[in-house]
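Student:
Protein chains in written order, with my numbering: chain E, 1 to 425; chain F, 1001 to 1120.
#1: Taking buried to mean at least 16 other C-beta atoms within 10 Å of its own C-beta, is residue 209 of chain E buried or exposed?
#2: To the nearest angstrom, report how far apart residue 221 of chain E and residue 274 of chain E are at their CA atoms.
#3: Just to confirm before moving on: does the CB-CB distance between residue 225 of chain E and residue 252 of chain E stay below 8 Å?
#4: If we require 4 or more residues per run, which alpha helix (DSSP H) segments fall completely within the segment 20-92 of chain E?
#5: To be precise: take each residue of the segment 144-168 of chain E, compare its Cβ to all Cβ atoms of chain A, and keep it if any distance is under 8 Å. Which residues remain?
#6: Chain F beta carbons: is any one of them nearer than 8 Å to that of residue 48 of chain E?
#7: Starting from residue 1044 of chain F, trace the alpha helix (DSSP H) in both directions and tell me its first and last residue.
#8: Contact criterion: CB-CB distance below 8 Å. Does residue 992 of chain F meet it with respect to chain E?
#9: Kindly list, in the order they appear in chain F, the residues whose Cβ is closer than 7 Å to that of residue 68 of chain E.
#10: For a contact meaning CB atoms closer than 8 Å, what does residue 1065 of chain F contact in chain E?
#11: Going straight from the alpha carbon of residue 10 of chain E to that of residue 240 of chain E, what length do you get?
#12: Once DSSP output is grouped into helix, strand and coil, what is the label at residue 335 of chain E?
#13: So is residue 54 of chain E buried or exposed if we call it buried at 16+ other beta carbons inside 10 Å?
#14: Helix, strand or coil for residue 1082 of chain F? Go by DSSP, reduced to three states.
#15: Should residue 46 of chain E and residue 149 of chain E be called a contact, given that it needs their Cβ atoms to be closer than 8 Å?
#16: At which residue ranges does the segment 116-171 of chain E contain complete alpha helix (DSSP H) runs of 4 or more residues, listed in the order of the chain?
#17: Hey, would you say residue 281 of chain E sits closer than 8 Å to residue 296 of chain E, going by beta carbons?
#18: Can you find a C-beta in chain F that's less than 8 Å from the C-beta of residue 428 of chain E?
#19: Please state whether DSSP places residue 421 of chain E in a helix, a strand or coil.
#20: Measuring only between beta-carbons, confirm whether residue 419 of chain E sits less than 8 Å from chain F.
#21: Is the CB of residue 55 of chain E under 8 Å away from at least one CB in chain F?
#22: When DSSP labels each residue in this structure, what does residue 1103 of chain F get in the three-state scheme?
#23: Can you find at least 3 beta carbon pairs, one from the segment 1075-1094 of chain F and one from the segment 1024-1039 of chain F, that sit closer than 8 Å?
#24: Buried or exposed: residue 134 of chain E, going by 16 or more other Cβ atoms within 10 Å of its Cβ?
#25: Grab me the residues of residue 379 of chain E's own chain with a C-beta within less than 6 Å of its C-beta, minus the 5 sequence neighbours each way, in chain order.
#26: How many angstroms separate the CA atom of residue 27 of chain E from the CA atom of residue 151 of chain E?
#27: Roughly how many angstroms lie between the CA atoms of residue 77 of chain E and residue 62 of chain E, to the nearest whole one?
#28: Using the C-alpha atoms, what's the distance from residue 1073 of chain F back to residue 248 of chain E?
#29: For residue 63 of chain E, would you say it is in contact with chain F, using Cβ-to-Cβ distances shorter than 8 Å as the test?
#30: Can you give me, in chain order, the residues of the segment 1014-1048 of chain F that have a beta carbon less than 7 Å from any beta carbon in chain E?
#31: Can the beta-carbon of residue 13 of chain E be found closer than 8 Å to that of residue 117 of chain E?
#32: In whole angstroms, give me the CA-to-CA distance for residue 79 of chain E and residue 31 of chain E.
#33: Once the 5 residues before and after residue 341 of chain E are set aside, which same chain residues still bring their CB inside 7 Å of it?
#34: Can you give me, in chain order, the residues of the segment 175-188 of chain E that have a beta carbon less than 7 Å from any beta carbon in chain F?
#35: Would you mind reading off the limits of the alpha helix (DSSP H) that contains residue 372 of chain E?
#36: Interface residues of chain F around residue 303 of chain E at Cβ under 8 Å?
Here it is as structure tokens:
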């Protein structure tokens, strides 16, 4: 099978990318989705708070997804469900996408362009190295969310949550609503990884304690979790002896970070960013393999789906632009500007800007590595300051952005480097 | 008597830290909010705190056993668990469409509970 554009994943990123590509004139496209419906993780995020930027109203996850699914169906964008992409490779300019499903078996598609929209997955117990037996009752927060919100099953009655990521905070409230007792949320870091409003409305509203600088050091129980032992940690995240306390519970939920799901990107050999665990991309959200684009949580973990949709729309448009040209869009664009993330800024997306391909306004997204109060985000072009944004507070749990203007970058001769940093003085 | 109370605004993901100054229980100033919604939120928190409630109801004959629902707008905070109790006795029959009224005027709040997912 030949296709102009294959989109891998039918979650929020894949849907927005497909809609934008189709609207930009790409007719020969296909979405491949592994679940039995479109919408991705939004289907299990039944809480509200989505869409304030995109639709100017507060929607739940399934409602937000439905808006894009309706649009994709109006545009008659073809998609395949319960279909797993098992490999991508390059053959000259073509991208060879191999997928599997029950009806067709193994199918090979030759695509001119691919958009990677595989999302991310949760850091599991195995990756956290918590000692103890392997009893039933330990779940990642997202797995528990799926059991409760999609399958209608309760994973437990007395719950301890490790990690204060947003899914953990949301699940603290959800489990409380379903009649469970959530005893506490323990967070290794001295600050929460979740949004401040989720601490207010998911924990404080229900008097659920958040213990910062605490972790689980032991899990008790052989067949089923019977208790966990938590302890305070020092500034090096090491448990402090003597601070242990045993908390009786039958369930431990883990909300300890998300990892972009890039097995396919790695198989294809795209260059990766070691900070985000996602591909390195230029201003078009194009990876190091020409014609392969990435957006959403596979690129870097977002806190708001609105930004995923915005980013994916950009990827869809740029993929359409790539397909509209007879030669690779990577040709030309010799003037490359590298964006450097320093002084508290952990990374930027994109990390390369080709002036020839830059739009008038370029959104650059990033996260910081620590909590800061009353600082500024400073952007330097070469060594000239071009932006200085005062910030009341910055936190690792919240994505930040600056908007670079093409006219400003063009006005600086021989510009090869832009620096984004936290200015503390 | 002057006292100050601090709130995290939940109206958008910014999560502004908003401080209300009260004199004899009356609000005299609100600071720290980036937009008018922050002032409105804090005023409500001090007089009539409200929340949108999102949860599930049972569904029979559908592609999944539960359907997600929400209160169409925010209800008094004190009625959250009463509202959740009312949802326990509801059983819908598929198909369910987004916007279907699940419970009209839930717990006398004047606000409907509506479906937020499509179940075939």
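Even for Gly, the Cβ is constructed at its ideal location relative to N, Cα and C.
Tutor: In this structure, then:
#1: exposed
#2: 37 Å
#3: yes
#4: 61-74
#5: The chain inventory of the structure shown lacks chain A, comprising the protein chains E and F.
#6: With its beta carbon less than 8 Å from one in chain F, residue 48 of chain E belongs to the interface.
#7: 1036-1047
#8: Residue 992 of chain F lies beyond the range of chain F shown here (1001 to 1120); nothing can be said about it.
#9: Those within 7 Å of residue 68 of chain E in chain F number zero; the least Cβ separation is about 13 Å.
#10: 151 and 152
#11: 45 Å
#12: coil
#13: Buried is the call here.
#14: helix
#15: The answer is yes: Cβ separation under 8 Å.
#16: 125-128 and 141-149
#17: Residue 281 of chain E places its beta carbon 8 Å or farther from that of residue 296 of chain E.
#18: In the structure as shown, chain E starts at 1 and stops at 425, and residue 428 of chain E therefore has no counterpart that could be examined.
#19: strand
#20: no
#21: no
#22: strand
#23: The segment 1075-1094 of chain F makes no contact with the segment 1024-1039 of chain F; the number of CB pairs closer than 8 Å stays below 3.
#24: Burial is judged here by how many other beta carbons sit within 10 angstroms of a residue's own beta carbon; residue 134 of chain E has fewer than 16 and is exposed.
#25: 386, 387, 402 and 420
#26: 36 Å
#27: 19 Å
#28: 37 Å
#29: Contact with chain F is found for residue 63 of chain E, since one of that chain's Cβ atoms lies less than 8 Å from the residue's Cβ.
#30: 1015
#31: yes
#32: 4 Å
#33: 347, 348, 366 and 420
#34: 177
#35: From DSSP, residue 372 of chain E is part of no alpha helix (DSSP H) but of the beta strand (DSSP E) over 372-381.
#36: 1013
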